[in-house]
Amino acid sequence: MICLARSLAGLLTAAALAGPAQAQTMTQNGGQGMAQGAPQPPSTPTTPPAATPAPTPAEPPAASGPSETPAAVSPPTGFVETLPPTIEGVPGTWDLSRDGSTRRCVMTLASQSFESGRRLSFPAGCRRALPILNEVAAWLFVDGVVRLVDKNVRPVLIFKARDDRRSLMAKTEGGEVYSLVPLQIVAMAPPPAPAPDGGSGYKLERDDPTAAGGQNTGAQTSAATPAGPRPTAGIYALDRYREQDVCRLELKPAEGGGTATVRLLEGCRDSGLTTFDPAAWLAAPGRLTLVARRGHVVGLVPAGENHWRREPEVGTTFILRRIESAAPSGSP
203 MICLARSLAG LLTAAALAGP AQAQTMTQNG GQGMAQGAPQ PPSTPTTPPA
253 ATPAPTPAEP PAASGPSETP AAVSPPTGFV ETLPPTIEGV PGTWDLSRDG
303 STRRCVMTLA SQSFESGRRL SFPAGCRRAL PILNEVAAWL FVDGVVRLVD
353 KNVRPVLIFK ARDDRRSLMA KTEGGEVYSL VPLQIVAMAP PPAPAPDGGS
403 GYKLERDDPT AAGGQNTGAQ TSAATPAGPR PTAGIYALDR YREQDVCRLE
453 LKPAEGGGTA TVRLLEGCRD SGLTTFDPAA WLAAPGRLTL VARRGHVVGL
503 VPAGENHWRR EPEVGTTFIL RRIESAAPSG SP
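Structure, rendered in structure tokens:
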């Protein structure tokens with residue numbers, strides 16, 4: 203009996219000692235069961251987990267300041283500033299044309315004022331070529347550009363400067379686009395250079411490819427001149443939009459290092475070119491420059507074999523096409 207009692211007491215003591223370990227094992231097993239079975243109710247952590255940093259959005263590009271704004275395309279070599287910065291530079295002759303057509307007119311904008319604005323004039327045939335001129339009575343200079351207005355000072359054509367700053371453009375409500383190109387205006391006339399004899403008149407230096415930086419009537423010859431075929435002396439025909447051979451001119455070779463001159467041949471029917479009155483020409487790789495007697499210039503670039511087109515292309519098409527080479531030196 204005593205031995206039996208001692209055995210029972212030993213078993214009870216062992217069970218008591220094993221109880222906490224079993225309870226802990228059961229708790230662990232139970233936790234594992236809950237993790238593998240139904241989801242546990244959320245528990246509040248004693249220490250909140252570190253928040254995952256949100257992705258930083260890319261910063262928008264900084265706004266470009268004035269110095270970062272892309273500069274306007276530089277004027278091609280051979281051109282001078284043609285659009286007048288003030289009203290004083292506007293008077294003179296302009297070429298008005300309807301884009302995409304042969305309709306054009308050479309008009310004169312005068313400096314005299316009257317009740318509707320400043321006076322203008324053009325040949326009678328212009329009203330047939332460009333019916334919109336039937337409404338035009340005067341011109342104004344507003345916001346740095348020209349406006350053609352009617353007798354009640356209502357705008358008929360409101361021009362704005364093109365990006366190249368060498369011509370004006372106006373668009374009507376009907377979608378027609380008109381170009382106004384200066385031919386001989388006050389703003390384009392450089393101060394006359396002294397002639398070799400000390401008198402007044404234009405003076406050009408021969409364009410020599412070995413002498414960069416030559417100067418002529420205020421236009422600089424630049425090393426940035428595009429490469430390409432070099433124009434040669436000869437007889438050229440002027441082609442307009444859908445009109446061929448409206449005028450012929452002879453580009454004479456320079457002799458003895460002098461100026462290469464231009465001569466309009468008899469029968470020229472292009473009022474724009476006769477008003478421009480070319481007196482000389484300059485040759486460079488990829489560039490042909492006509493120089494007016496008053497000093498302003500028109501530049502042309504290659505447009506096919508022996509073809510040269512005005513650059514920039516504004517208003518009515520202007521293409522010079524060589525139809526005859528210059529006579530050999532010493533020919534009569």
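Numbers given in our numbering equal positions in the sequence shown, counted from 1, plus 202. Note that the Cβ used here is the ideal one computed from N, Cα and C, for glycine as well. Quick caveat, the model's predicted, so the values are computed rather than measured.
- Short of 8 Å from the beta carbon of Ala331, and not among the five residues preceding or following it, lie these beta carbons of its own chain, in chain order: Arg305, Arg306, Cys307.
- Ranked by Cα distance from Arg444, the options Leu484, Pro384, Thr518 are led by Thr518.
- When rounded, the separation of the alpha-carbon atoms in Val500 and Gly327 is 26 Å.
- Straight-line measurement puts the Cα of Ser315 at about 38 Å from the Cα of Arg450.
- Under the DSSP assignment, Arg450 falls outside any alpha helix (DSSP H), being part of the beta strand (DSSP E) whose first and last residues are 445–453.
- Taken atom to atom, the span from the alpha-carbon of Trp296 to that of Phe343 is near 14 Å.
- Ranking Ala439, Gly436, Ile387, Met371 by CA distance to the CA of Tyr380 puts Met371 first.
- Between Gly294 and Gln386 the beta-carbon gap is near 5 Å, inside 8 Å, which marks them as a contact.
- Closest in C-alpha terms to Gly497, from the list Pro487, Pro504, Thr477, comes Thr477.
- If you ignore the 5 residues before and after Glu513, its C-beta comes within less than 7 Å of the C-beta of Pro278, Gly501, Leu502, Val503, all in its own chain and listed in chain order.
- No Cβ-Cβ contact shorter than 7 Å links Asp472 with Ala494.
- For Gly474, the enclosing alpha helix (DSSP H) stretches over residues 473–478.
- DSSP, reduced to helix, strand and coil, places Ala331 within a helical segment of the structure shown.
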